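Here's the structure we're looking at; comments come further down.
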Amino acid sequence: MLELWAWIWINLLLGSIICINVRNAVHSLLSLIYVFLNGVILIIAMGTDFIGLIFLIVYIGAIAILFLFVVMMLNIKNSELTTQILPIYGSSIIVLYILNKEWLKYLESFIPVWGSKLNTVIKVENLIEINWINQVEVIDGIKNIGDLLYKKGDSLLILSSTLLLLGMVGAIILSLEHNKKVKRQDLYLQLETFNYLK
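Written as structure tokens, this is what we have:
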């Protein structure tokens, strides 16, 4: 399990470094999608499957793909770096070092393998006489949220979807531009001028 965590962290760091260093915007966005995908794997491996799937749908499915299409449509050429690279990299390495030290201190209290507290894990089964884990029906988070949404909050779900539909239609109507130079046909007016309707 520790090897899986290590590989995920290595992939996250490599994808982040590639995303920052690549000069082509399309390649940078592809590496950003790779970082998001590794983040989803990390979140699902921690046991929070619903948050991982929402992260996958929102960040990878919507935002990153939207950015990718916008960048590809703009046809941005490879931009040369005009700023000084050394101060940016120096400050980012210092910040990354400080964050890693604090993160490892935080993880030592939860994961004893990474710290010096190797034998401080207390098994829950030794503290209680009855193993309640085997007697409880395992229901994951997605099923609980689905039951709450579709059984108890069905009217609120329909109301929120109607509000989202209204917002989408309103945004489309506001973004429409009526150009008066565009020639449009009016069949009724044409037939009236040629006296077909009289």
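Residue numbers are given in my numbering: position 192 of the sequence shown equals residue 534, and the series is strictly consecutive. No residue lacks a Cβ here, since even glycine has one placed at the ideal position from N, Cα and C. Owing to the predicted nature of the structure, the values given are computational and were not obtained by experimental measurement.
query: Own chain partners of N380 with C-beta closer than 7 angstroms, once the 5 adjacent residues on each side are dropped; result: I350, N353, L354, G357
query: V382: first and last residue of the uninterrupted alpha helix (DSSP H) it sits in; result: 367-387
query: Distance, I385 Cα to I399 Cα; result: 13 angstroms
query: Inter-residue Cα distance where the pair is I484 and L490; result: 10 angstroms
query: Straight-line Cα distance separating I402 from V377; result: 10 angstroms
query: Distance CB(S373)-CB(V382) smaller than 8 angstroms; result: no
query: Residues near C361 by beta carbon distance below 7 angstroms, same chain, minus five either side; result: S370, S373, L374, V377
query: Helix, strand or coil at V364 according to DSSP, with G and I counted as helix; result: coil
query: L395 in three-state terms, based on DSSP; result: helix
query: N420 classed as buried or exposed, judged by whether at least 16 other C-beta atoms fall within 10 angstroms; result: Residue confidence is low: N420 scores 48 on pLDDT, short of 50, so the model does not pin down where it sits. Its coordinate-derived value is still stated next. With fewer than 16 other Cβ atoms within 10 Å, it is exposed.
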